[in-house]
Amino acid sequence: ELIDKCIGSKLWIVMKGDKEFIGTLRGFDDYVNMVLDDVTEYEITPEGKREVKLDQVLLNGNNVCLV
1138 ELIDKCIGSK LWIVMKGDKE FIGTLRGFDD YVNMVLDDVT EYEITPEGKR EVKLDQVLLN
1198 GNNVCLV
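Take a look at the structure:
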């Protein structure tokens, strides 16, 4: 599959609820739950765009809209 070839690559993930993540894909499962390293999280808030740096995140595949 295409996502298999993306392991180790930097990806942009758009989630439900105005959140986006950019990070390096470390792994995923059959439900497209994903582990990302060296992550930047972006969230759209009424005050503007909020940016947070994270070492690692686990994303729920149910909430992924776009990879």
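Under my numbering, the residue at position 39 of the sequence shown is numbered 1176, and the numbers go up by one with no gaps.
Backbone N, C-alpha and C fix where the C-beta goes; we use that ideal spot for every residue, glycine too.
Across the set 1186, 1202, 1144 and 1176, the C-alpha of 1176 shows the shortest separation from the C-alpha of residue 1194. By the beta-carbon neighbour count (other beta carbons within 10 angstroms, threshold 16), residue 1198 is exposed. Across the structure, residue 1202 and residue 1196 are spaced so that their CA atoms are roughly 11 Å apart. Contact between residue 1180 and residue 1156 is confirmed by a C-beta separation of about 5 Å, below the 8 Å threshold. Here residue 1162 is not near residue 1178, since their CB atoms are 9 Å or more apart.
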